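Novice: Submitted below is the structure of interest, expressed as structure tokens.
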Amino acid sequence: TELSHIRNFSIIAHIDHGKSTLADRLIQRTGGLTDREMSAQVLDNMDIEKERGITIKAQTVRLNYTAKNGELYELNLMDTPGHVDFAYEVSRSLAACEGALLVVDAAQGVEAQTLANVYQSIEHDHEIVPVINKIDLPAAEPEKVKAEIEEVIGLDASEAVLASAKSGIGIDEVLEAIVAKIPPPKGDRDAPLEAMLVDSWYDPYLGVVILVRVVNGVIRKGQNIKFMIGGTEHLIDRVGCMRPKIENLPEISAGEIGFITAQIKDISQTRVGDTITTVKNPAAKPLPGFKEVQPVVFCGLFPVDAADFDKLRDSISKLRLNDASFSFEMESSAALGFGFRCGFLGLLHLEIIQERLTREYDLDLITTAPSVVYKIQLTHGNGEIELHNPADMPDPTKIADIEEPWIEAVIYCPDEYLGSILKLCQDRRGIQKNLTYVAGRAQVTYEIPLNEVVFDFYDRLKSISRGYASFDYHQIGYREGDLVKMSIMVNSEPVDALSMIVHRGSAETRGRGMCERLKDLIPRHLFKIPIQAAIGGKVIARETIAAMRKDVTAKCYGGDISRKKKLLDKQKEGKKRMREYGSVSIPQEAFIAALRMG
Ligand code: GTP
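Residues in the sequence shown are numbered consecutively from 2, following full-length UniProt numbering.
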């Protein structure tokens, strides 16, 4: 297709503002699917995405649209993941486009995530077309939302398209605005091939499918290509696009978006942001913007039933086929047996993987306390280590200093919840950077250690604000912190799954809370169970679960004293034996519940 007749765009929106519904409408209107096929939302194609209402994997759809001017256009709609954990993937999808539809819910208005995405889009020099969606809602206030878009984002919203994706209102206007406002791509089809790897996923029939944006040159079947950063070479065996059904094409040329396959089995060879060129006539250098993605949150995943270990390994390997951004390695724990230490891009990513293992693979799992990656300087010039697991924390005498990752968080909320939200951030060692009011809502910026956010910050934020606060963050680097490892001992045995790295200042409160919660969560046993929190050898909090007294003398009717005494002795011995050799059974829920801060 002629460059002048191509439009590449993405849709940016806050969760639930109607991105998928609008995308479906655009596909339907341009004839990509029949009504029956439309019955299920097509862009969000994983169950969990659907239930959680989020989009994980970027997908793209090519639409053919005959505009009011009579010309036929090729519109490539790029669906971008909707969450901060996938910020880098989003940035590559945006880099593949020249413009974006900004979908804002007419009743909800602009929210934090909308902002973050818009700013990213502006950084990519996108032409942004505002679409005010859900105008069918009684609570819709399109004029107010227009004003908000102008005030908060600084975009001209006077020509914003008013739409209802649900009722099909304004769809043609959206398509016309795409053609009229979003610039066509630039590129040179006669130059050496430079194609950006936007995304990749594993398909059981096709192998690894790679989504590309061709910047210069032409990509076609039978070419020998090379990943300029990954270094591997492959033979292209298929070139195509999605409408959203797969359609084979002879080629994808400069300015276009499409997919290729090349008999690749392992997704870790296809790095998002890599540049694809030909072996015969290669580009001089890779396209700018490549970044290695690194997991930032780690936790252990253990099967509740040790017999499920193999199943867990197989399931994790299968998930990994489709997601090179999470890592795993085998781990063993005294309390939990064999499992895996897994690394994720963020908390939501962790939750998604954990939930898929539970639901799609039917596994009962224990998840240990999520931990961030600490950088530890060792004494005596022994260098620096990266700590992924609190269990591996070196002896304190060997530590010169510990650094922890910090984030900048932007929280956007109605004024009435601001007080409690500020307190929450303050309690988590947050440093307030900015507080502004925009359209009757507060926007507050905090710097917070990631470690204070990984466990239950989202949950707390949501409950404090009744779901009205939105939260967005990015990492801002490492800072030194007064951090210590807190161990939890149940019946004098350290339970490594519960140990965590905490700030010294909050260790005691956290330790006490944890012991109190464990006391309620662990059922009584035949013996007394001490629960302790300790730093180094020093106990900082303690609770005791009283023994369950089994009344073994009940059957003796008070008669024979010596027999009664014998029984009591036996019971005492039993208790002793259990205390010495026996172990305490800690229920599965206790692990997670104990980590939630009150
Ligand atoms: P993510 O994929 O999670 O980012 O969400 P999304 O932005 O794609 O939202 P989605 O399209 O899934 O829509 C969220 C909810 O809003 C769904 O229940 C839709 O049916 C509803 N919705 C979407 N568009 C409209 C609209 O124009 N009017 C009304 N009333 N509801 C809509």
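Ideal placement from N, C-alpha and C gives every residue a C-beta, glycine not left out. These numbers come from a predicted model, not from an experiment.
Could you check which residue in VAL491, VAL503 and ASP416 has the C-alpha nearest to that of ASN452?
Specialist: VAL503
Novice: Helix, strand or coil for GLY468 per DSSP?
Specialist: coil
Novice: Does the Cβ of ALA14 lie closer than 7 Å to at least one heavy atom of ligand 1?
Specialist: yes
Novice: Taking the runs of the alpha helix (DSSP H) that are 4 residues or longer, which of them lie wholly in the region 354 to 431?
Specialist: 419 to 428
Novice: Within 10 angstroms of the Cβ of ILE183, are there 16 or more other Cβ atoms? Answer buried if so, exposed if not.
Specialist: buried
Novice: In this structure, does DSSP put VAL119 in helix, strand or coil?
Specialist: In the structure shown, VAL119 sits in a helix (DSSP, three-state: H, G or I).
Novice: Got a sec? Which residues, its chain only, sit under 6 Å from GLY340 by beta carbon, not counting five neighbours each side?
Specialist: GLY301, LEU302, PHE303 and GLU332
Novice: Run the CB neighbour count on ASN134, radius 10 Å, all protein chains shown included, and call it buried at 16 or more, exposed below.
Specialist: buried
Novice: Under three-state DSSP, which class holds PHE345?
Specialist: strand
Novice: Let's test the definition: count the other Cβ atoms within 10 Å of the Cβ of GLU3 and tell me whether it reaches 16, buried, or not, exposed.
Specialist: GLU3 comes out exposed.
Novice: Do PHE472 and ILE412 have their beta-carbon atoms positioned less than 8 Å apart in this structure?
Specialist: The beta carbons of ILE412 and PHE472 sit closer together than 8 Å.
Novice: Express the C-alpha separation of ALA97 and MET229 in angstroms, rounding to a whole number.
Specialist: 18 Å
Novice: If you draw a straight line from the alpha carbon of THR510 to that of ASP204, how long is it in whole angstroms?
Specialist: 49 Å
Novice: Residues in its own chain within less than 8 Å of ALA108 by CB, not counting five upstream and five downstream?
Specialist: Cβ within range, chain order: LYS135, LEU138, ALA140, ALA141 and GLU142.
Novice: Count the other CB atoms within 10 Å of the CB of TYR447; is the residue buried (16 or more) or exposed (fewer)?
Specialist: buried
Novice: How would you call LEU116, buried or exposed, if buried means at least 16 neighbouring beta carbons within 10 angstroms?
Specialist: buried
Novice: Who are the near neighbours of GLY100 in its chain, counting only those whose CB is closer than 6 Å to its CB and skipping five residues on each side?
Specialist: PHE10, HIS127, GLU128 and ILE183
Novice: For the region 521 to 554, which segments carrying the alpha helix (DSSP H) assignment without a break, of at least 4 residues, lie completely within its bounds, in sequence order?
Specialist: none
Novice: Please report the distance separating the alpha-carbon of ILE7 from that of ARG221.
Specialist: Straight-line Cα distance between these residues: approximately 19 Å.
Novice: Nearest to MET243 by CA position, among GLU177, LEU23 and ASN65, is which residue?
Specialist: ASN65
Novice: Using the Cβ count rule (16 or more neighbours within 10 Å means buried), how would you classify LEU484?
Specialist: buried
Novice: Please name the residue or residues paired with residue 600 in a DSSP beta bridge.
Specialist: There is no way to answer for residue 600, as the model of the chain reaches only from 2 to 599.
Novice: For MET217, is the classification buried or exposed, using 16 other Cβ atoms within 10 angstroms of its Cβ as the cut-off for buried?
Specialist: First, the residue type needs correcting, since residue 217 is Asn and not Met in the sequence shown. So ASN217 counts as buried.
Novice: Can you tell me the Cα-Cα spacing of GLU75 and LEU163, whole angstroms?
Specialist: 23 Å
Novice: Three-state secondary structure (DSSP) at GLN476?
Specialist: strand
Novice: CA-CA distance, LYS51 and LEU348?
Specialist: Residue placement at LYS51 is flagged as unreliable, the pLDDT there being 44, under the threshold of 50; the coordinate-derived value follows with that caveat. Across the structure, LYS51 and LEU348 are spaced so that their CA atoms are roughly 18 Å apart.
Novice: Please classify HIS18: is it buried, with 16 or more other beta-carbons within 10 angstroms of its beta-carbon, or exposed?
Specialist: Burial call: buried.
Novice: Buried or exposed: HIS15, going by 16 or more other Cβ atoms within 10 Å of its Cβ?
Specialist: buried
Novice: Assign TYR89 to one of two classes, buried (16 or more other C-beta atoms within 10 Å of its C-beta) or exposed (fewer than that).
Specialist: buried
Novice: Starting from ILE28 and walking both ways along the beta strand (DSSP E), at which residues does that stretch end?
Specialist: Run containing ILE28: none in the beta strand (DSSP E); it sits in the alpha helix (DSSP H), 20 to 30.
Novice: Measuring alpha carbon to alpha carbon, tell me which of LEU364, ASP191 and GLY537 ends up nearest PRO391.
Specialist: Selected option, being the one with the closest Cα: GLY537.
Novice: With C-beta atoms as the reference, is VAL585 less than 8 Å away from ILE541?
Specialist: no
Novice: Taking 7 Å as the cut-off, is the beta-carbon of HIS18 closer than that to any non-hydrogen atom of ligand 1?
Specialist: Correct: HIS18 has its Cβ closer than 7 Å to ligand 1.
Novice: Run the CB neighbour count on ASN383, radius 10 Å, all protein chains shown included, and call it buried at 16 or more, exposed below.
Specialist: exposed
Novice: Give me the residue from LEU207, ASP191, GLU248 and VAL119 with the minimum Cα distance to GLY259.
Specialist: GLU248
Novice: Which complete alpha helix (DSSP H) runs does the region 204 to 237 hold, if anything under 4 residues is left out?
Specialist: none
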